[in-house]
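S.K.: Going by this note's numbering, the residue at position 59 of the sequence shown is 42; the numbering climbs one at a time, nothing skipped.
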Amino acid sequence: MEQVQSNGRMVLRTENLVKRYKSRTVVNHVSIDVKQGEIVGLLGPNGAGKTTTFYMTVGLVIPNEGKIFLNEQEITKFPVYKRAQNGIGYLAQEASIFRKMTVEDNIRSVLEMTKTSKEYQKEKLESLIDEFGLHKVRKNLGDRLSGGERRRSEIARCLAIDPKFIMLDEPFAGVDPIAVQDIQEIVAKLKYKNIGILITDHNVDETLSITDRAYLLFEGKVLFQGTAQELAENEIVREKYLGRDFELKRRNFEYLKDKDDDDFGSGGATDIIDLASDFMSHL
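Printed below as a string of structure tokens:
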């Protein structure tokens, strides 16, 4: 069994997950892990079991067999909200704002699930309102927001729990090339804030260009795991999934390491607001 921590970083891991629908086994003893401060891809063709594995990790689907751990704590039966309380954020592909609640109540609803003081929750709310430029719309209902306002509110709500991990569902789906670059930079900034990222996406080029590691699922099992370079160079992976002509194009975000943490938050609000708006408007 893998160590529950790596160099002091928290680890989110699955152990031999199995999911059956009637007589069909769609996920067959799948084990994956994500550490804080790394980006991990969950890839595979349609019907490979990657989406089901992702949803079991998020808490939307309960496995028939196997376990899910956050460090040494088993969270297999935790619902999504309880995983959020433990630092696992989830950004769905679809718009997720509560339409009949105000912006500030959307964010407050998540803060109230945390085991923090009312004073801290109030301070955190004001910090996120400020960070994402939501002052003018904080009293507006979710269904009264523009697309950009709604998306900024959603990502602020996700960050309200100060997540250790964020699960990204199809972040590159239907996104134009320029917006893809913005999404990738946001994900890299999250990584350098020591947040672990798990991405599932059909867009293999965009995903492998930023992942530190990836798992390739095929017919319900992990066919291969390794770095993006290792996947791209593996003949079986090329034959089963990538194609013979696949060319890996990596993006380098090392320059983000030198930026102060505040560049992501209150000290660099304009930059992250613009990027977050672009990011979420395409989900």
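Cβ coordinates follow ideal geometry from the N, Cα and C atoms, glycine included. Owing to the predicted nature of the structure, the values given are computational and were not obtained by experimental measurement.
When you compare only the Cα positions, how much space is there between H265 and P154?
M.R.: Low per-residue confidence applies at H265: pLDDT is 42, beneath 50, and the placement is therefore not dependable enough to give any value.
S.K.: When DSSP builds the beta bridges, which residues end up paired with K2?
M.R.: BP columns for K2 point to V10.
S.K.: Can you find the residues in the same chain that come closer than 7 Å, C-beta to C-beta, to K33, ignoring five residues on each side of it along the sequence?
M.R.: These residues qualify, in order along the chain: L25, L26, G27, T183 and L200.
S.K.: What are the complete alpha helix (DSSP H) segments, minimum 4 residues, inside the stretch 39 to 74?
M.R.: For the stretch 39 to 74, whole alpha helix (DSSP H) runs of length 4 or above, ordered along the chain, are 63 to 68.
S.K.: Which of helix, strand or coil does DSSP assign to A31?
M.R.: Coil, per DSSP.
S.K.: Could you work out which residue in N186, K107, Q212 and N123 is closest to R196 when comparing CA atoms only?
M.R.: Nearest of N186, K107, Q212 and N123 to R196, Cα basis: Q212.
S.K.: Mapping the DSSP letters down to three states, classify D145 as helix, strand or coil.
M.R.: Three-state DSSP puts D145 in coil, outside helix and strand.
S.K.: With 16 as the cutoff for other CB atoms within 10 Å, does G30 come out buried or exposed?
M.R.: G30 is exposed by the Cβ-count criterion.
S.K.: How is the beta strand (DSSP E) around K105 delimited, first residue to last?
M.R.: That residue, K105, is in no beta strand (DSSP E); its alpha helix (DSSP H) goes K101 to E114.
S.K.: Using only the alpha-carbon positions, how far apart do F37 and K176 sit?
M.R.: Roughly 22 Å between the two C-alpha positions.
S.K.: Quick one: grab the DSSP three-state call for G20.
M.R.: Three-state result, G20: coil.
S.K.: As an exercise, report each continuous alpha helix (DSSP H) stretch of at least 4 residues that is fully enclosed by the stretch 159 to 216, in chain order.
M.R.: DSSP runs (the alpha helix (DSSP H)) wholly in the stretch 159 to 216: 160 to 175, 187 to 191 and 211 to 216.
S.K.: Hey, is the stretch 132 to 140 in contact with the stretch 103 to 120, meaning 3+ C-beta pairs nearer than 8 Å?
M.R.: Enough Cβ pairs lie closer than 8 Å, so yes.
S.K.: What's the gap between the Cα of S14 and the Cα of I45?
M.R.: C-alpha separation (whole angstroms): 15 Å.
S.K.: Looking at the strands, I want to know which residues DSSP matches up with L25.
M.R.: BP columns for L25 point to T183 and Y198.
S.K.: Alpha carbon to alpha carbon, how far is K204 from D243? Give it in angstroms, no decimals.
M.R.: Confidence at D243 is low in this model, with a pLDDT of 48, below 50, so the placement of that residue should be treated as unreliable; the coordinate-derived value is given next. The alpha-carbon atoms of D243 and K204 are separated by roughly 41 Å.
S.K.: Beta-carbon within less than 8 Å of E(-15)'s beta-carbon, same chain only, minus the 5 sequence neighbours each way: which residues are those?
M.R.: For E(-15), the predicted model reports a pLDDT of 42, less than 50, meaning its position is unreliable and no value from the coordinates is stated.
S.K.: From the DSSP output, in three-state form, read off D152 for me.
M.R.: Three-state result, D152: strand.
S.K.: So the candidates are R(-8), S6, N47 and I71; which of them puts its Cα closest to the Cα of L0?
M.R.: Per the Cα distances, N47.
S.K.: Between the stretch 223 to 239 and the stretch 51 to 58, are three or more C-beta pairs nearer than 8 Å?
M.R.: Too few Cβ pairs lie closer than 8 Å, so no.
S.K.: Please classify D245: is it buried, with 16 or more other beta-carbons within 10 angstroms of its beta-carbon, or exposed?
M.R.: Confidence at D245 is low in this model, with a pLDDT of 45, below 50, so the placement of that residue should be treated as unreliable; the coordinate-derived value is given next. Label assigned to D245: exposed.
S.K.: On a Cα-Cα basis, can you pick out the residue from A143, Y198 and I180 that is closest to V187?
M.R.: Selected option, being the one with the closest Cα: Y198.
S.K.: Taking C-beta to C-beta, are I22 and T194 nearer than 8 Å?
M.R.: Yes; because the gap between Cβ atoms is below 8 Å, this pair is in contact.
S.K.: When you compare the CB positions of L173 and I149, do they come within less than 8 Å of one another, or not?
M.R.: Yes, the pair counts as a contact, with Cβ atoms nearer than the cut-off.
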